[in-house]
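**Student:** Residue numbers (my numbering): 4 to 260.
All residues carry an ideal CB built from backbone N, CA and C; glycine is no exception.
No experiment lies behind these values; they were computed from the predicted model shown.
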Amino acid sequence: MALTLAAPAPITGLGKVRMAVRLSAMAGLLLICVPGYYAFRVLRLPNPWPRWFLGAIATIAGVKVRIAGERVRRGAFFLSNHVSWLDVPALAGASGAAFVAHDGLAAFPVLKWLCEMNDTVFVARHDRASVARQIALVRAAIAQTAALAVFPEGTTSDGTGLLPFKSSLLSALDPVPAGIAVQPVVLDYGADAPEIAWVGEEHGLDNFKRILARGRPIHLTVRFLPPLEGEALRDRKTMAAAARGVMLAELQRSHAV
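(1) Looking at C-alpha atoms only, which residue of Gly162, Pro155, Met120 is the closest neighbour of proline 53?
(2) Which of the three DSSP states is assigned to glutamate 232 in this structure?
(3) Quick test of your reading: valine 179 and leucine 236, contact by CB under 8 Å. State the CB separation rounded to the nearest angstrom.
(4) Considering only residues of the same chain and omitting the five flanking positions on each side of serine 257, which have a CB-CB separation below 6 Å?
(5) With distances taken Cα to Cα, identify the nearest neighbour of serine 98 among Pro13, Ala23, Val188, Leu46.
(6) Would you kindly check if the distance between the Cβ of glycine 65 and the Cβ of isoleucine 221 is under 8 Å?
(7) Taking the straight line between their C-alpha atoms, what separation do you get for proline 51 and alanine 30?
(8) Mapping the DSSP letters down to three states, classify aspartate 177 as helix, strand or coil.
(9) Name the one or two DSSP bridge partners that valine 185 has.
(10) Measure the alpha-carbon distance for lysine 240 versus isoleucine 214 and round it to whole angstroms.
(11) Would you mind sorting serine 83 into buried or exposed? The rule is 16 or more other CB atoms within 10 Å of its CB.
(12) Look up aspartate 191 in the DSSP assignment and say whether it is helix, strand or coil.
(13) Would you call the stretch 86-98 in contact with the stretch 148-162, where contact means no fewer than 3 C-beta pairs closer than 8 Å?
(14) Using only CA atoms, which one of Thr148, Thr163, Ile145, Phe168 lies nearest to glutamate 156?
(15) Rounded to whole angstroms, what's the CA-CA distance from alanine 28 to leucine 57? Just pull it up for me.
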């Protein structure tokens, strides 16, 4: 059962100081990482900078990541629950994954630039006329990256349960390309989930500021569940149902009172 989320408390003066310090640290990190990223890109070398950068962003934001389970190292398509903007840097830092994201993010030039550095695939969820093109983009990304991640809920939830999965987001996996493992991932914020979650009427920028103003560390367990096999891979709807079932069971076990 989902928890009832209380209205966020106003950011205190000390919280504003923490936020300023963390934003400064993130800006400094970006200045350090960008030259390295482009140097590796020019030399056409495997580029570790996006993973390092995003993992460090999560750390600066106060996230303490613990990894549980065995991660597929190559040819992984991760299906993850979605709780907060922290999910992206934390999961990228833990796995090196690129992401499938809605094209609304591309409307913000700086955010689009940062996303493209991590090989983000932008899709238009409501543009049915371009579905075939979008499936082709995702399949190309699967072939070119070691790991690709999608949030099949299509939006954020409270971190204690799961919303229905949108199986259309798995169209590129129907059928599953050769050499690709479909692996469910649970991002478990534990008791912190209700405070971390970006849900309801809260604006994204407000959630971002609220997280950066937080004093206590954020404990996140990234749980890599066994890859789907056999009948679970029959088609996109079956995959969505199978993945949601094991992920929900894991969350319910973790949050059982």
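**Tutor:** In short:
(1) Met120
(2) Under the three-state reduction of DSSP output, glutamate 232 falls in the coil class, being neither helix nor strand.
(3) 5 Å
(4) Asp191
(5) Residue Val188 is the option with its Cα nearest to serine 98.
(6) yes
(7) 19 Å
(8) Per DSSP, reduced to three states, the secondary structure at aspartate 177 is coil, with no helix or strand assignment.
(9) Phe80
(10) 35 Å
(11) Serine 83 comes out buried.
(12) strand
(13) yes
(14) Phe168
(15) 13 Å
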